[in-house]
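K.L.:
Below you'll find the structure I mean.
Numbering (this note's numbering), first residue to last: 5 to 261.
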């Protein structure tokens with residue numbers, strides 16, 4: 005079992021709320037990345053998801069797209085992010101969220117080898133189909149990096165056990181059809197869907213896309229292990245509202261269910 009799976013499963017077994025905030029690496033400048041990671045760590049983040057800016061972010065809503073464009077405008081690249089991460093030491097597991105194109109361009113083997121020199125323990129690649137995961141699995145075999153699967157609302161129920169069994173770290177349950185973004189309306193059947201994924205998974209299931217309030221966290225904790233919060237965190241950081249970020253995370257993780 006890889007480290008990310010162990011750490012998050014331990015929290016799940018202790019009935020703690022798993023909270024994974026997402027930030028866009030370099031949106032406020034790469035020199036701010038270490039400070040942002042420390043802020044989220046101090047607030048109680050279970051792991052931190054770092055977005056890699058990309059010119060065609062098909063899964064991202066307007067807030068995260070804008071943050072990615074700001075990062076690109078500052079000259080932020082995958083290579084620069086990795087070099088920065090090599091200098092950052094944190095007890096909180098880091099998870100990279102990237103599209104496949106930047107990784108392929110960088111070089112798959114080089115990418116995994118260099119990540120091994122950082123605190124990155126997980127990978128989310130939303131446009132890498134399950135059938136093509138073998139492009140990375142052999143390279144990850146001897147590493148401590150988990151390839152995290154995404155399960156959509158449209159994923160056929162009979163396919164879900166196969167996806168979660170192959171995944172590591174945690175299971176990313178996409179809570180809406182469409183792109184990321186705060187203020188989304190959730191389907192009435194979502195709670196049942198999440199509960200089924202958690203039932204067939206031996207790893208924590210985290211709900212993401214649109215999670216933007218304490219009420220959302222409380223709702224999802226009734227059917228899965230925790231949440232991933234992106235647009236809300238990215239927006240607050242872009243506005244310089246660091247204390248609001250801290251308060252949101254502290255309140256979310258203080259509840260045991």
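Just so you know, even glycine gets a beta-carbon here, dropped at the ideal spot from N, CA and C.
Which residue comes first and which comes last in the beta strand (DSSP E) that contains residue 230?
P.N.:
For this step, residue 230 is matched to residue 226 along the chain shown. 230-233 is the extent of the beta strand (DSSP E) around residue 230.
K.L.:
What are the partner residues of residue 171, as DSSP defines its beta bridges?
P.N.:
On the chain shown, residue 171 is found 167 positions in, with the first residue counted as 1. DSSP, once it has assigned bridges, lists no residue as partnering residue 171.
K.L.:
Using beta-carbon positions only, say whether residue 176 and residue 141 come within less than 8 Å of one another.
P.N.:
Looking up residue 176 in the chain shown gives position 172. Looking up residue 141 in the chain shown gives position 137. Against a cut-off of 8 Å, the Cβ pair of residue 141 and residue 176 comes out as no contact.
K.L.:
Whole angstroms is fine: what's the gap from residue 222's alpha carbon to residue 196's?
P.N.:
Numbered from its first residue, the chain shown carries residue 222 at position 218. Numbered from its first residue, the chain shown carries residue 196 at position 192. Residue 222 and residue 196: Cα-Cα distance of roughly 15 Å.
K.L.:
Answer with buried or exposed for residue 186, where buried requires no fewer than 16 other C-beta atoms within 10 angstroms of its C-beta.
P.N.:
For the purposes of this step, residue 186 is taken as the residue at position 182 of the chain shown. Legend: pLDDT at residue 186 = 49, less than 50; position of this residue unreliable, value from coordinates given subsequently. Looking at its Cβ environment, which holds 16 or more other Cβ atoms inside 10 Å, residue 186 is buried.
K.L.:
Would you tell me roughly how many angstroms separate the C-alpha atoms of residue 71 and residue 238, rounded to the nearest one?
P.N.:
One-based indexing of the chain shown puts residue 71 at position 67. One-based indexing of the chain shown puts residue 238 at position 234. Approximately 7 Å, taken between the alpha carbons.
K.L.:
Buried or exposed, going by whether 16 or more other CB atoms sit within 10 Å of the CB of residue 162?
P.N.:
As a first step, residue 162 must be located in the chain shown, where it is residue number 158. Per the 10 Å Cβ criterion, exposed.
K.L.:
When you compare only the Cα positions, how much space is there between residue 169 and residue 60?
P.N.:
For the purposes of this step, residue 169 is identified with residue 165 of the chain shown, where counting begins at 1. For the purposes of this step, residue 60 is identified with residue 56 of the chain shown, where counting begins at 1. Answer to the nearest angstrom: the Cα atoms are 30 Å apart.
K.L.:
Would residue 110 pass as a contact of residue 129 if the rule is Cβ separation under 8 Å?
P.N.:
Taking the first residue of the chain shown as position 1, residue 110 is located at position 106. Taking the first residue of the chain shown as position 1, residue 129 is located at position 125. Against a cut-off of 8 Å, the Cβ pair of residue 129 and residue 110 comes out as no contact.
K.L.:
Quick check on this structure: which residue in 28, 246, 18 and 215 has the alpha carbon closest to the alpha carbon of residue 78?
P.N.:
Within the chain shown, numbered from 1, the residue matching residue 78 stands at position 74. Residue 78 has its Cα closest to that of 28, out of 28, 246, 18 and 215.
K.L.:
Note the first and the last residue of the continuous alpha helix (DSSP H) segment covering residue 66.
P.N.:
One-based indexing of the chain shown puts residue 66 at position 62. That run of the alpha helix (DSSP H) goes 66-77.
K.L.:
Mind checking which residues open and close the beta strand (DSSP E) that includes residue 52?
P.N.:
Here residue 52 corresponds to residue number 48 of the chain shown, with the count starting at 1. 52-55 is the span of the beta strand (DSSP E), which, as asked, contains residue 52.
K.L.:
Excluding the 5 residues preceding and the 5 following residue 157 in the sequence, name in chain order all residues of the same chain whose CB lies nearer than 8 Å to its CB.
P.N.:
Position 153 of the chain shown, counted from the start, is the residue given in the question as residue 157. So the qualifying residues of the chain are 178, 179, 180, 181, 191, 194 and 197.
K.L.:
Do the CB positions of residue 49 and residue 122 come within less than 8 Å of each other?
P.N.:
By 1-based counting over the chain shown, the position of residue 49 is 45. By 1-based counting over the chain shown, the position of residue 122 is 118. Not a contact, by the Cβ cut-off of 8 Å.
K.L.:
Once DSSP output is grouped into helix, strand and coil, what is the label at residue 125?
P.N.:
Numbered from its first residue, the chain shown carries residue 125 at position 121. Here residue 125 sits in strand by DSSP.
K.L.:
The beta strand (DSSP E) spanning residue 92 covers which residue range?
P.N.:
One-based indexing of the chain shown puts residue 92 at position 88. Run containing residue 92: none; DSSP gives neither H nor E here.
K.L.:
State the CB to CB distance for the pair residue 5 and residue 55, rounded to an integer number of angstroms; the pair is presumed to be in contact (CB under 8 Å).
P.N.:
Along the chain shown, one-based indexing puts residue 5 at 1. Along the chain shown, one-based indexing puts residue 55 at 51. The pair is not a contact, with the Cβ atoms about 26 Å apart (cut-off 8 Å).
K.L.:
Name the two residues that bound the continuous alpha helix (DSSP H) containing residue 264.
P.N.:
Residue numbering for the chain in the displayed model covers 5 to 261; residue 264 lies beyond these limits and cannot be assessed.
K.L.:
Thinking C-beta only, is residue 210 closer than 8 Å to residue 228?
P.N.:
Translated into positions along the chain shown, residue 228 becomes position 224. Translated into positions along the chain shown, residue 210 becomes position 206. Yes; because the gap between Cβ atoms is below 8 Å, this pair is in contact.
K.L.:
Just to confirm the assignment, what range does the beta strand (DSSP E) spanning residue 23 have?
P.N.:
Looking up residue 23 in the chain shown gives position 19. First-last of the beta strand (DSSP E) with residue 23: 22-28.
K.L.:
Find the nearest neighbour of residue 57 within the set 203, 204 and 82, judged by alpha-carbon distance.
P.N.:
Indexing the chain shown from 1 puts residue 57 at position 53. Per the Cα distances, 82.
K.L.:
Could you name the residues of the same chain whose beta carbon sits closer than 8 Å to that of residue 246, not counting the 5 residues immediately before and after it, in chain order?
P.N.:
Mapped onto the chain shown, residue 246 falls at position 242. For residue 246, where only same-chain residues beyond five positions count, the Cβ hits under 8 Å are 43 and 240.
K.L.:
For residue 69, which residues of its own chain have a beta-carbon under 8 Å away from its beta-carbon, when the five flanking residues on both sides are left out?
P.N.:
Numbered from its first residue, the chain shown carries residue 69 at position 65. Result list for residue 69: 61, in chain order.
K.L.:
Just the Cα atoms here: how many angstroms apart are residue 134 and residue 143?
P.N.:
The residue you call residue 134 lines up with position 130 of the chain shown. The residue you call residue 143 lines up with position 139 of the chain shown. The alpha-carbon atoms of residue 134 and residue 143 are separated by roughly 16 Å.
K.L.:
Does the Cβ of residue 46 have 16 or more other Cβ atoms within 10 Å, making it buried, or fewer, making it exposed?
P.N.:
What you label residue 46 is simply residue 42 of the chain shown in a count that begins at 1. Exposed, because fewer than 16 other Cβ atoms sit within 10 Å of the Cβ of residue 46.
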